[in-house]
Amino acid sequence: VIVFPGSNCDRDVAVALEKMQFKNQMVWHKETKLPKSDLIVIPGGFSYGDYLRSGAIAGKSLIIDEVIRAANSGCLILGICNGFQILTETGLLKGTLLRNKNLKFINRDIQIKVLNNKTKFTNKYSKDQILKINIAHNEGNFFTEPLHLEKLKNENLIAFKYCDEKGNINENSNPNGSLENIAGIFNNNKNILGMMPHPERMIDSSLSGEDGSLFFKNLINNLK
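Just so it is clear: in the sequence shown, position 161 is 187 by my numbering, and no numbers are missing.
Structure follows, in structure tokens:
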């Protein structure tokens with residue numbers, strides 16, 4: 027788990043990983059070497075206070091060169107919320123995250139639908155499975171240019187879309203204005219996932235729900 031000044035979901039991710047039997051290590055952004063890793067997580071929060079743009083300064087941190095090198099070698103990379111924003115700033119994922127359509131911070135539970143369940147991140151879910159997951163962001167409005175959008179659709183690179191409880195994908199089930207309700211995307215090789223919802227917040231039925239537990243169980247099983 028990469029930690030930046032302003033990260034506030036790094037410990038939540040650590041708890042989720044350790045609950046699922048990952049051997050986790052927290053890595054400060056000023057480090058220049060990563061431990062041998064099967065999975066790198068860039069957590070949510072407000073890295074550097076979201077100055078300039080969300081994720082812009084974090085995307086220039088010393089450790090990012092190592093993250094890019096690991097990504098290019100096939101390591102699984104997961105960016106959640108601010109982590110997704112950082113991935114777009116580094117160029118590891120295309121597109122950008124704009125201000126929410128209502129220009130307000132959103133923190134609530136929503137539903138997302140699994141569009142691609144053929145990856146190491148998602149293959150324990152059924153296609154079109156509906157998950158209840160928390161969102162907490164001010165810039166979650168995904169946008170990209172038309173050619174990239176067509177590529178995302180044609181090559182099955184859209185991981186999740188916002189939907190309602192019945193699985194309907196429309197403007198009413200879109201919490202932030204994201205293009206075509208997109209909540210998460212993969213890179214071409216599907217070893218990088220950026221997503222705005224927080225699966226690490228949904229790992230305990232007595233606190234919030236367990237729709238995020240299967241996400242992390244899926245990862246650990248695919249890495250054994």
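All residues carry an ideal CB built from backbone N, CA and C; glycine is no exception. Predicted, not measured: the structure shown is a model, and the values here were computed from it.
According to the DSSP assignment, His163 belongs to the beta strand (DSSP E) that extends over Ile156 to His163. The straight-line gap separating the alpha-carbon atoms of Asp38 and Val27 is approximately 10 Å. As DSSP reads the structure, His224 sits in a beta bridge with Asn160. Between the alpha carbons of Phe212 and Arg134 lies a distance of about 24 Å. Here the alpha carbons of Asn164 and Asp76 stand approximately 10 Å from one another.
Within the region 125 to 186, the beta strand (DSSP E) runs of at least 3 residues that lie entirely inside it are, in chain order, 132 to 140, 156 to 163 and 167 to 169.
Contact check for Ala162 and His224: beta-carbon distance about 7 Å, within the 8 Å limit, so the pair qualifies.
Scanning its chain for C-beta atoms nearer than 8 Å, with the 5 sequence neighbours on each side dropped, one finds around Cys101 the residues Ser63, Asp64, Leu65, Ile66 and Asn217, in chain order.
Here Thr58 is exposed, its C-beta having fewer than 16 other C-beta atoms within 10 Å. The alpha carbon of Lys192 has as its nearest neighbour, out of Leu205, Leu173, Leu183 and Leu157, the alpha carbon of Leu157.
Each residue's CA atom was taken as its position, placing Asp230 and Gly70 some 19 Å apart.
In terms of Cβ geometry, Lys127 and Asn202 form a close pair [threshold 8 Å]. At least 8 Å separates the beta-carbon of Phe147 from that of Ser87. Under the three-state reduction of DSSP, Val29 is assigned to strand. Using a Cβ-Cβ distance cut-off of 8 Å, the region 82 to 99 and the region 43 to 51 are not in contact, since fewer than three pairs of beta carbons, one from each stretch, lie closer than that value. In the same chain as Asn200, and ignoring 5 residues on each side of it, the C-beta atoms closer than 6 Å to its own belong to Tyr188 and Asn207, in chain order.
Of the residues assessed, Phe241 falls on the buried side of the cut-off, its CB having 16 or more other CB atoms within 10 angstroms. Contact check for Tyr74 against Ile68 fails: the beta carbons are separated by 8 Å or more. Secondary structure note for Ile246: its alpha helix (DSSP H) is the uninterrupted segment Ser239 to Leu249.
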